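Plus 55 on top of the position in the sequence shown (first one is 1) and you've got this note's numbering.
Glycine is no exception: its CB is placed at the ideal position from the N, C-alpha and C atoms.
Quick caveat: nothing in here was measured; it's all calculated off a predicted structure.
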Amino acid sequence: MRPPQHHFMGHCQALQYWCAKWAGSNKLMTDLAERAAHRAPGGSPLAGVYLLAPDALADPPGHAAFPSSGAAKELLESVARSLDQVPDHDGRVPPLRHLLAHSLVKARCYEAALDQFRRIGTWCGAESRAT
Numbered sequence: 056m057r058p059p060q061h062h063f064m065g066h067c068q069a070l071q072y073w074c075a076k077w078a079g080s081n082k083l084m085t086d087l088a089e090r091a092a093h094r095a096p097g098g099s100p101l102a103g104v105y106l107l108a109p110d111a112l113a114d115p116p117g118h119a120a121f122p123s124s125g126a127a128k129e130l131l132e133s134v135a136r137s138l139d140q141v142p143d144h145d146g147r148v149p150p151l152r153h154l155l156a157h158s159l160v161k162a163r164c165y166e167a168a169l170d171q172f173r174r175i176g177t178w179c180g181a182e183s184r185a186t
């Protein structure tokens with residue numbers, strides 16, 4: 056299964072398909088997410104697919120999905136640069152920035168995370184639960 060080359064939702068679906076709980080492995084799914092981040096064209100939110108990958112990992116909840124290595128930090132910076140090129144009116148950007156800020160905190164890139172939170176502004180992606 057190959058997603059269309061630069062289609063955001065196609066890559067999101069492929070991410071699920073290639074994860075270990077379905078037809079692939081953590082490595083196949085992570086490789087797809089990294090390729091999407093590296094190949095995202097300017098103005099596309101495609102690089103943000105990388106930020107969705109931790110939810111699909113077969114590791115237990117709370118496990119640090121992505122390492123905080125230099126290469127991982129560079130990839131997060133690349134995702135940030137890519138999201139900077141997406142038009143402000145694209146509704147996918149605030150939730151992706153929120154995930155990016157979370158990933159940057161986990162990677163101990165606090166200044167970069169703070170920058171993302173500032174860019175999010177007053178947008179809130181918290182989900183309320185009815186009791």
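If you drop the 5 nearest sequence neighbours on each side, which residues of the same chain put their C-beta closer than 8 Å to that of residue i?
i      : result
Ala119 : Caution applies to Ala119, whose pLDDT of 48 falls short of 50 and renders its modelled position unreliable; the model cannot decide the point.
Gly79  : Tyr72, Trp73
Leu138 : Pro100, Ala102, Gly103, Val148, Leu151, Arg152, Leu155
Note the first and the last residue of the continuous alpha helix (DSSP H) segment covering residue i.
i      : result
Cys67  : 63-72
Lys128 : 125-139
His153 : 148-161
His93  : 81-94
Ala102 : Careful: Ala102 lies outside any alpha helix (DSSP H) and carries neither H nor E.
Leu112 : Careful: Leu112 lies outside any alpha helix (DSSP H) and carries neither H nor E.
What residues in its chain sit with their C-beta under 6 Å from that of residue i, if we drop five residues either side in the sequence?
i      : result
His93  : none
Ser99  : His61
Gly117 : Any reading at Gly117 must be qualified, since the residue scores a pLDDT of 48, below 50, and its modelled position is unreliable; the value itself is stated next. Nothing listed; no residue qualifies.
Quick one: residues in its chain with C-beta nearer than 7 Å to the C-beta of residue i, no 5 flanking neighbours on either side, listed in chain order?
i      : result
Leu106 : Val134, Leu151, Leu154, Leu155, Ser158
Leu111 : The displayed chain sequence assigns Ala, not Leu, to residue 111. Closer than 7 Å at the Cβ level, and outside the excluded window around Ala111, lie Leu70, Gln71, Cys74, Met84.
Pro96  : His61
Thr186 : The predicted model places Thr186 with a pLDDT of 49, which falls under 50 and marks its position as unreliable, so this point remains unresolved.
Say whether the segment 73-84 touches the segment 130-140, bearing in mind that this needs 3 or more beta-carbon pairs closer than 8 Å, one atom from each stretch.
no
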